[in-house]
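In what follows, a single structure is set out as structure tokens and then discussed.
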Amino acid sequence: MAILPPDPVFCFREDMGHVHCLSFCVRSSNFVSHILAGTEKGTVYFCDLETNRMQHKQEMGESIQSLHSFDFKIITQEKEGILKLWSVKKSSYQVDRTHKCAPGFGRSILVEEALFVPQENSCVDVIDLDNFEKIKKLSPERENLGSVMALEQVIIGNTTCIMAGYETGDVILWDMNTFQPCGHIKLQDQLTSLTFDSLTKTGVAGGASNFLQLFTINTSYEFAVKLELSITNKGCSIVKLRPDRKILVAGCWDSKIRLFSWKSLRILAVLAEHKESITDVKFSPLPVNYWKSNIMAASSSDGVISLWNVYN
Numbered sequence: 001m002a003i004l005p006p007d008p009v010f011c012f013r014e015d016m017g018h019v020h021c022l023s024f025c026v027r028s029s030n031f032v033s034h035i036l037a038g039t040e041k042g043t044v045y046f047c048d049l050e051t052n053r054m055q056h057k058q059e060m061g062e063s064i065q066s067l068h069s070f071d072f073k074i075i076t077q078e079k080e081g082i083l084k085l086w087s088v089k090k091s092s093y094q095v096d097r098t099h100k101c102a103p104g105f106g107r108s109i110l111v112e113e114a115l116f117v118p119q120e121n122s123c124v125d126v127i128d129l130d131n132f133e134k135i136k137k138l139s140p141e142r143e144n145l146g147s148v149m150a151l152e153q154v155i156i157g158n159t160t161c162i163m164a165g166y167e168t169g170d171v172i173l174w175d176m177n178t179f180q181p182c183g184h185i186k187l188q189d190q191l192t193s194l195t196f197d198s199l200t201k202t203g204v205a206g207g208a209s210n211f212l213q214l215f216t217i218n219t220s221y222e223f224a225v226k227l228e229l230s231i232t233n234k235g236c237s238i239v240k241l242r243p244d245r246k247i248l249v250a251g252c253w254d255s256k257i258r259l260f261s262w263k264s265l266r267i268l269a270v271l272a273e274h275k276e277s278i279t280d281v282k283f284s285p286l287p288v289n290y291w292k293s294n295i296m297a298a299s300s301s302d303g304v305i306s307l308w309n310v311y312n
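Residues in the sequence shown are numbered consecutively from 1, following full-length UniProt numbering.
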């Protein structure tokens, strides 16, 4: 008898419109208190995970593609190419600093005390979080790559690297000790998302096709395609490994969230709560007190945020 997929533990169904991105907000050492949602219309919604209600909303720009929350501050990244650092002043968030970045859909990532953000000419800017100033620029040393579509932190041995995926399907690896390119592979065109398991040195790339590509990187920074994992319909917006590296999640254009065993790559469940394309998937870094568990959150262009317990 087939195992039925789980239901979400909760769904936020506010009038948010197209939700592009999510960020869990950690304001204690024990629990996650809120989840933030960035939308096409430029509003950020603050959803309380204790009461399961929308607590606050604020206009923060236009078409927010990426969102980060840390130390009572927020970073927003807009499609037109502007980063904003926000902090609490009186009863709302106010802009402290701004930084120009490449327009488009490639999302920035936080790594320790730095923000890595897509820049013009297929480059990546490294921004210091303390002063919001550029400290380095990662240049690919290759031409005609197009826009940066995905960024991911990679650990090879004791070396921290940054991996960038481009709309051409090229993937470039930079060594953060030297800030120089150290590896390259050509994967599927129209690449949209990357994730990586630094323990097994295996990555996953999603894109506009009807398959995910698995690849490896050895200690000499040499890439190799491992296999292709079929999905039912074309298009994957986001691939994400659960932090314990047991489940691979693919958020797809057909509105489905597909869960695979990371060990066997067997399909475990297809979550079908949403009606339109999945836009983001995030795992809470700490438990949510109300649910007594870590949770997974997913957003969609249908305006719904779904919360899932995929740890049982």
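From the three backbone atoms N, C-alpha and C, an ideal C-beta is built for every residue, glycine too.
No experiment lies behind these values; they were computed from the predicted model shown.
query: Extent of the continuous beta strand (DSSP E) run through Ile185; result: 180-186
query: Proximity winner among Asn312, Asn294, Asn144, Leu286, relative to Ser28 (alpha-carbon distances); result: Leu286
query: Exposure label - Asp7; buried when at least 16 CB within 10 Å; result: exposed
query: Three-state class that DSSP yields for Ser230 in the structure shown; result: strand
query: Closest by C-alpha distance to Gly303, when choosing among Ile295, Glu276, Val281, Ser293; result: Glu276
query: Rounded straight-line distance, which links the Cα of Glu167 to that of Ser122; result: 10 Å
query: Where Cys101 falls: helix, strand or coil (DSSP); result: coil
query: At least 3 beta-carbon pairs within less than 8 Å: the region 69-86 vs the region 98-117; result: yes
query: Beta carbon of Cys11 nearer than 8 Å to that of Ile305; result: yes
query: Simplified DSSP state of Leu145, which is helix, strand or coil; result: coil
query: Run of the beta strand (DSSP E) containing Phe196, from where it starts to where it stops; result: 191-197
query: Buried or exposed (CB count within 10 angstroms, at least 16 for buried), Val88; result: exposed
query: Same chain only: Cβ atoms within 7 Å of residue 399, ignoring 5 sequence neighbours per side; result: For residue 399 there is no data in the structure shown, the boundaries of the chain being 1 and 312.
query: Rounded separation between Arg107 and Leu212 - CA only; result: 19 Å
query: Exposed unless 16 or more other CB atoms sit within 10 angstroms - verdict on Met1; result: Unreliable placement is indicated for Met1, whose pLDDT of 36 sits below 50; no coordinate value is reported for it.
query: Identity of the residue in Ile257, Thr195, Glu228 nearest Leu265 by Cα; result: Glu228
query: Nearest candidate by alpha-carbon position, reference Ser299, set Ala272, Ala37, Asn210, Leu268; result: Ala37
query: Nonlocal neighbours in the same chain, by C-beta distance under 6 Å from Val204, ignoring five residues either side; result: Thr195, Leu212, Leu214, Val239
query: 7 Å Cβ shell around Gln221 - same chain, five flanking residues per side excluded; result: Before going further, note that residue 221 is Tyr rather than Gln in the sequence given. These residues qualify, in order along the chain: Ile156, Leu173, Cys182, Gly183.
query: Simplified DSSP assignment, three categories, for Cys21; result: strand
query: Classification of Gln55 by the beta-carbon crowding that lies within 10 angstroms, buried from 16 upward; result: exposed
query: Residue span of the beta strand (DSSP E) that contains Cys236, given as start and end; result: 236-241
query: Residues near Ser69 by beta carbon distance below 6 Å, same chain, minus five either side; result: Ser23, Cys25, Leu36
query: Boundaries of the beta strand (DSSP E) in which Gly165 is found, first to last residue; result: 159-166
query: Val288 to Ser230 span [Cα, whole Å]; result: 33 Å
query: Beta strand (DSSP E) segment containing Lys136, residue limits; result: 133-138
query: Runs of beta strand (DSSP E) wholly within the region 61-114 (minimum 3 residues, chain order); result: 64-70, 73-78, 82-89, 92-100, 109-111
query: Extent of the continuous beta strand (DSSP E) run through Cys31; result: Sequence check: residue 31 is Phe here, not Cys. Element bounds for Phe31: n/a, residue is neither H nor E.
query: Nonlocal neighbours in the same chain, by C-beta distance under 6 Å from Met296, ignoring five residues either side; result: Phe283, Trp308, Val310
query: DSSP-derived helix/strand/coil call for His274; result: coil
query: Near the ligand SAM: Tyr311 beta-carbon under 7 Å from a heavy atom; result: Of the ligands one can find in the structure shown there are none, so the ligand SAM has no counterpart to examine.
query: Distance between beta carbons of Arg242 and Ala250, contact taken as under 8 Å; result: Not really, about 12 Å apart at Cβ, beyond 8 Å.
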